[in-house]
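Residue numbers for the sequence shown follow my numbering, beginning at 608 and rising by one.
In this text, a Cβ means the ideal position worked out from N, Cα and C, and glycines have one as well.
Small disclaimer: the values here were computed from a predicted structure and weren't measured.
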Amino acid sequence: MNTQQHIDYQRIERAIQFIEKKFQRQPALKDIAEAVNLSEFHFDRMFTKWAGTSPQRFMYFLSKEFAKKY
C-alpha cells in the first residue's frame, strides 16, 4: 500500500466511525465528507471504492441492523 492509499484508507476508516456514531441522525453526505476533509463528490467515489457500497447504502444497512436489535 503506497502513501496515498494509506491516507485514503484512514479517511474511509474515520468516515465509517463517524457514520457508526451518528447513523441514527442520518448525517448528510456533506457532513460526512467535511469530517474527512473531502468534497462530497470525491468522498462518495472514494467510499464506494473502498467499502464496496455507497455511504447512503451503508447508513441504510446500519439503520436496518439497529432496528433488528431494538
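What would DSSP say about residue i, mapped onto helix, strand or coil?
| i | result |
| --- | --- |
| Leu669 | helix |
Determine the extent of the alpha helix (DSSP H) in which residue i is found, giving its start and end residues.
| i | result |
| --- | --- |
| Thr655 | 647-658 |
**Request:** Scan the segment 614-641 and note each continuous beta strand (DSSP E) run of 3 residues or more that stays entirely inside, going in chain order.
**Result:** none
**Prompt:** So, do the segment 635-654 and the segment 620-627 have three or more beta carbon pairs nearer to each other than 8 Å?
**Reply:** yes
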